[in-house]
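Numbering follows numbering that gives the first Met the number 0, in which position 10 of the sequence shown is assigned residue number 9; successive positions increment by one, without gaps. Note that CB positions come from ideal geometry on N, CA and C, so glycine has one too. Report on the structure given below.
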Amino acid sequence: MTQGHAVPKDARLFAHPRLEITGAIARRAGISFRMLCEELGLTDGNLSAHLRALEAELVIAVDRGFDGHRRLSQYRLTDPGRTRLRAYVRWVDGFVGALLPVLAGDGGSER
0 MTQGHAVPKD ARLFAHPRLE ITGAIARRAG ISFRMLCEEL GLTDGNLSAH LRALEAELVI
60 AVDRGFDGHR RLSQYRLTDP GRTRLRAYVR WVDGFVGALL PVLAGDGGSE R
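Shown next as structure tokens:
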């Protein structure tokens, strides 16, 4: 890896589709489980597993309640989660910025 672009410790945490999930939650705090399923095209079981992992890492918090007689779970980023996501996105941005010239043929030799 190029100098200054070592893979951050949260790389696995924000691997696909968790990056999409946290991005959707960051864009709309209080997004419901059903809206996340529909927006991201994930199954209930798959989404549940990723949400549990993100909650265990304190990246997201869930507010559980009821909408009439139906259970309603709404998700938001925690402050530490927002900080970790921001750091990871900055790393990705720097990594991509360093990689683009190489892919364009301006910044390195091919093997």
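Within this structure, are the beta carbons of residue i and residue j separated by less than 8 angstroms?
i	j	result
I24	I59	yes
L35	L46	yes
Is it buried or exposed, residue i, if we count other Cβ atoms within 10 angstroms and call 16 or more buried?
i	result
T82	exposed
T21	buried
L99	exposed
G80	buried
F13	buried
A5	exposed
R11	exposed
R110	Interpretation of R110 is limited by its pLDDT of 46, a score under 50 that renders its predicted location unreliable; the figure taken from the coordinates is listed afterwards. R110 comes out exposed.
L102	exposed
L84	buried
Let me make sure I understand the geometry here. Which of the options has the alpha-carbon closest to that of residue i?
i	options	result
R75	D66, P100, V61, R85	V61
L71	T77, L41, A52, F32	F32
A55	T77, E37, A103, G96	T77
L50	R17, V91, G96	R17
G40	G67, H15, R63, G64	H15
E19	G93, G67, Y87	Y87
What are the boundary residues of the alpha helix (DSSP H) that includes residue i?
i	result
F13	No alpha helix (DSSP H) contains F13, which DSSP labels as neither H nor E.
T77	Run containing T77: none; DSSP gives neither H nor E here.
Quick check for students: name the residue ranges of the beta strand (DSSP E) that lie wholly in the segment 20 to 70, counting only runs of 3 or more.
59 to 66
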